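Numbering (the numbering used here), first residue to last: 723 to 890.
Okay, so here's the structure we're looking at.
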Amino acid sequence: AIAMHRLHDDIPAVATFFGRINAANAILDFFTNPALGALSDSRGRRPLLLQSLAVATICNTLVALWPSPRVIFLAKVLFGICNVTKAMGYSMLVDAMDAAKVSRPARVEAFGRIGMAIGAGFSLGPLIGGLIGTQSPVITVAVAAVIMACATCWAYLVLPETLAPHSG
């Protein structure tokens, strides 16, 4: 809605704009995710998860404060470089299950529950965002920034490092 408003309801321009964002994110994911994964193997999962959550908070805040296509694009590119929240979440779950020697059936169940939670988020998130956004699309982004800030604080205060230190 922000892009539609700022690009004067020019649907082809908005489609091109989001196509460029998606292309940039795909390219960035291709190059940065393996490097960030390797970094998490050597430095730990928690720091990268916290960084990704903090960058998401900053990006949403920037878009809420300066809602323009240029800021949206820059925020999405910045987040695309650092977006490893889902990968780190899965990695931390595997690390914790390895440490606890969790059985294969219990692992499958845990990943099934995570998948259900993600599916619920993908279903409820747009619904809630749409309801909030009826007032202003900027409010939706501001609410997302607050939610990300809360998630960042929670992760900082509660989540331990799950990767066992390497011996040697």
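Heads up, the beta-carbon is just placed ideally off N, CA and C, and yes, glycines get one too.
Note that the coordinates shown come from a computational prediction; the quantities given were computed from them, not determined experimentally.
{"Query": "Mind checking whether Leu-761 and Ala-877 have CB atoms under 9 Å apart?", "Result": "no"}
{"Query": "Mapping the DSSP letters down to three states, classify His-730 as helix, strand or coil.", "Result": "coil"}
{"Query": "Once you ignore the five residues that flank Gly-890 on each side, which residues in its own chain have a CB closer than 6 Å to its CB?", "Result": "Any answer about Gly-890 is weak, because its pLDDT of 40 lies below 50 and its placement is not dependable; what the coordinates show is given next. Result list for Gly-890: empty, nothing under 6 Å."}
{"Query": "Taking only the alpha-carbon atoms, compute the straight-line gap between Val-777 and Phe-801 and give it to the nearest angstrom.", "Result": "6 Å"}
{"Query": "Quick check on the DSSP output: what are the complete beta strand (DSSP E) runs of length 3 or more inside the region 743 to 792, in order along the chain?", "Result": "none"}
{"Query": "Should Ala-786 be labelled buried (16 or more other beta-carbon atoms within 10 Å of its own) or exposed?", "Result": "buried"}
{"Query": "By a C-beta neighbour count over all protein chains shown, 10 Å radius and 16 as the cutoff for buried, is Ala-797 buried or exposed?", "Result": "buried"}
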